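Novice: From first to last, the protein sequence lines are chains A and B.
Here the numbering used here is used: the first residue of the first sequence is 1, the next is one more, and so on.
Here the numbering used here is used: the first residue of the second sequence is 115, the next is one more, and so on.
Glycine included, every Cβ here is placed at the ideal spot set by N, Cα and C.
Since we're looking at a predicted model, the values are computed, not measured.
Structure provided below as C-alpha cells; questions to follow.
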Amino acid sequence: DAGITQSPRHKVTETGTPVTLRCHQTENHRYMYWYRQDPGHGLRLIHYSYGVKDTDKGEVSDGYSVSRSKTEDFLLTLESATSSQTSVYFCATRGTGGMSYGYTFGSGTRLTVV
Amino acid sequence: KNEVEQSPQNLTAQEGEFITINCSYSVGISALHWLQQHPGGGIVSLFMLSSGKKKHGRLIATINIQEKHSSLHITASHPRDSAVYICAALLSNTGNQFYFGTGTSLTVIP
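Structure follows, in C-alpha cells:
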C-alpha cells in the first residue's frame with residue numbers, strides 16, 4: 001500500500017468550477033503540504049498543515065483552501081478554478097524526527113482548467 | 115528572490131562521466147534535502163543531510179555549512195540517471211517549511 005495517495009491523478013475542469021484534490025497518507029506523519037509545480041518555477045508551497053485542523057498559508061495560497069479533519073487526509077480545494085491554476089499538484093508529508101524528517105511525496109495530480 | 119539557487123539548470127553528459135550538481139543558499143539552514151524527479155514521474159527523496167557527506171551507491175551528497183553550499187555527485191553516470199534533481203533547504207528561520215531550488219535537468223547520453 002503506497003504511503004501517500006493522491007486523487008485524482010488527472011483532471012480536466014472548466015473555469016469557474018470548484019475542484020477538490022485529495023491526499024491520503026498511511027505514514028502517520030504530522031506535517032502535510034500541498035505544492036504546485038510549474039515550468040520555470042521550483043515547487044511552490046500552497047498550504048500546509050502541522051496537525052489536525054491546524055493549517056497555514058504558503059507563498060501561493062490565493063484561490064486555494066485546505067482542510068485536515070483527520071491525520072491521514074489533507075484536502076486542497078480550488079474555490080473557483082482559473083486557467084492560471086493549471087498545474088501539477090504534489091502532496092508531501094514529513095515526520096518529526098530521524099529518518100522521517102525528510103519529505104515523502106505523492107505521485108502528483110495533473111490539473112487542467114479550460 | 116530565491117533563497118535556494120541551483121546550478122547548472124541543464125546538464126548533458128556522456129555515459130560514464132562524473133557529474134556534479136550544485137546548490138547554494140543565502141541564510142542558515144537546519145537541513146538540506148536532495149530529491150530526484152523522473153520525467154512524468156513522482157518525486158523521491160535521495161538524501162537528507164545537515165553536515166558532512168552521505169553516500170548511497172553511485173550518489174554522493176556533501177554540504178559545507180560555512181560556505182552555504184551543497185553538491186550532489188553522480189559517479190559512473192548512466193542513462194537511467196536522467197532526471198531532474200532538486201535541492202530543498204530547511205532554512206533555520208522558517209520552522210517547518212523547505213524552500214526549493216528550481217531543479218537541474220540531467221540527461222545522460224549512452
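1. Look up residue 56/A in the DSSP assignment and say whether it is helix, strand or coil.
2. Alpha carbons only, please: which of 90/A, 57/A and 39/A is nearest the one belonging to residue 10/A?
3. Quick check on DSSP: helix, strand or coil for residue 85/A?
4. If you follow the beta strand (DSSP E) that residue 195/B is part of, which residue opens it and which one closes it?
5. Any idea which residues DSSP pairs residue 169/B with across the strands?
6. Please look up how many angstroms separate the CB atoms of residue 52/A and residue 71/A, rounded, as I've assumed it's under 8 Å.
7. The beta strand (DSSP E) that contains residue 22/A, what's its start and end?
8. Exposed or buried, what is residue 1/A when buried is set at 16 or more other beta-carbons lying within 10 Å of its beta-carbon?
9. Please tell me whether residue 104/A has its Cβ less than 8 Å away from any Cβ of chain B.
10. Anything in chain B within Cβ reach of residue 42/A, meaning under 9 Å, just list it in chain order.
11. Run through DSSP, which three-state label would residue 128/B get?
12. Give the DSSP-derived three-state secondary structure of residue 100/A in the structure shown.
13. Quick one: using the 10 Å Cβ neighbour count with 16 as the cut-off for buried, is residue 191/B buried or exposed?
14. Does the pairing of the stretch 12-22 of chain A with the stretch 74-85 of chain A give three or more beta-carbon distances under 8 Å?
15. In chain order, what residues of the same chain lie with their CB nearer than 7 Å to the CB of residue 158/B, ignoring the 5 residues before and after it?
16. Starting from residue 67/A, trace the beta strand (DSSP E) in both directions and tell me its first and last residue.
17. Let me make sure I understand the geometry here. Which of 104/A, 109/A and 112/A has the alpha-carbon closest to that of residue 161/B?
18. Just verifying my parser: in three-state terms, what is the DSSP assignment at residue 190/B?
19. First and last residue of the beta strand (DSSP E) that includes residue 233/B?
20. Drop a sphere of 10 angstroms on the beta-carbon of residue 180/B, count the other beta-carbons inside from all chains shown, and report buried for 16 or more, exposed for fewer.
Specialist: So, from the listed chains and residues:
1. Numbered from 1 along the first sequence, position 56 holds the residue referred to as residue 56/A. Reduced to three states, the DSSP call for residue 56/A is strand.
2. For this step, residue 10/A is matched to residue 10 along the first sequence. Answer by Cα proximity: 90/A.
3. For this step, residue 85/A is matched to residue 85 along the first sequence. When DSSP states are grouped into helix, strand and coil, residue 85/A belongs to the helix group.
4. Position 81 of the second sequence, counted from the first residue, corresponds to residue 195/B. Segment: none, residue 195/B is in no beta strand (DSSP E) and carries neither H nor E.
5. Counting from one through the second sequence, the residue named residue 169/B turns up at place 55. DSSP lists 174/B as partners of residue 169/B.
6. Against the first sequence, residue 52/A aligns to sequence position 52. Against the first sequence, residue 71/A aligns to sequence position 71. With a Cβ gap of about 6 Å, residue 52/A and residue 71/A count as contacting.
7. Looking up residue 22/A in the first sequence gives position 22. It spans 19-25 - the beta strand (DSSP E) in which residue 22/A sits, taken as one unbroken run.
8. Position 1 of the first sequence, counted from the first residue, corresponds to residue 1/A. Confidence is the limiting factor: at residue 1/A the pLDDT is only 48, short of 50, which leaves the residue's position unreliable, though a coordinate-based value still follows. By the neighbour-count rule (16 or more Cβ atoms within 10 Å), residue 1/A is not buried but exposed.
9. Locating residue 104/A in the first sequence gives position 104, counting from the first residue. Answer yes: the Cβ-Cβ gap between residue 104/A and chain B drops below 8 Å somewhere.
10. Residue numbering aside, residue 42/A sits at position 42 when the first sequence is read from its first letter. Within chain B, the residues near residue 42/A are 116, 118, 120, 200, 202, 213, 214, 215, 216 and 217.
11. Taking the second sequence and counting its residues from 1, the one referred to as residue 128/B is at position 14. Strand at residue 128/B.
12. By 1-based counting over the first sequence, the position of residue 100/A is 100. Here residue 100/A scores only 45 on pLDDT, less than 50, and its place in the model is too uncertain to base an answer on.
13. The residue labelled residue 191/B in the question sits at position 77 within the second sequence. Counting Cβ neighbours within 10 Å, residue 191/B comes out buried, since at least 16 surround it.
14. yes
15. Within the second sequence, residue 158/B is the residue found at index 44, counting from 1. Excluding residues within five positions, the ones whose Cβ falls inside 7 Å are 149 and 150.
16. Within the first sequence, numbered from 1, the residue matching residue 67/A stands at position 67. 64-70 is the span of the beta strand (DSSP E), which, as asked, contains residue 67/A.
17. Numbered from 1 along the second sequence, position 47 holds the residue referred to as residue 161/B. Nearest option by C-alpha distance: 104/A.
18. By 1-based counting over the second sequence, the position of residue 190/B is 76. If DSSP states are grouped into helix, strand and coil, residue 190/B belongs with coil.
19. There is no way to answer for residue 233/B, as the model of chain B reaches only from 115 to 224.
20. Numbered from 1 along the second sequence, position 66 holds the residue referred to as residue 180/B. With fewer than 16 other Cβ atoms within 10 Å, it is exposed.
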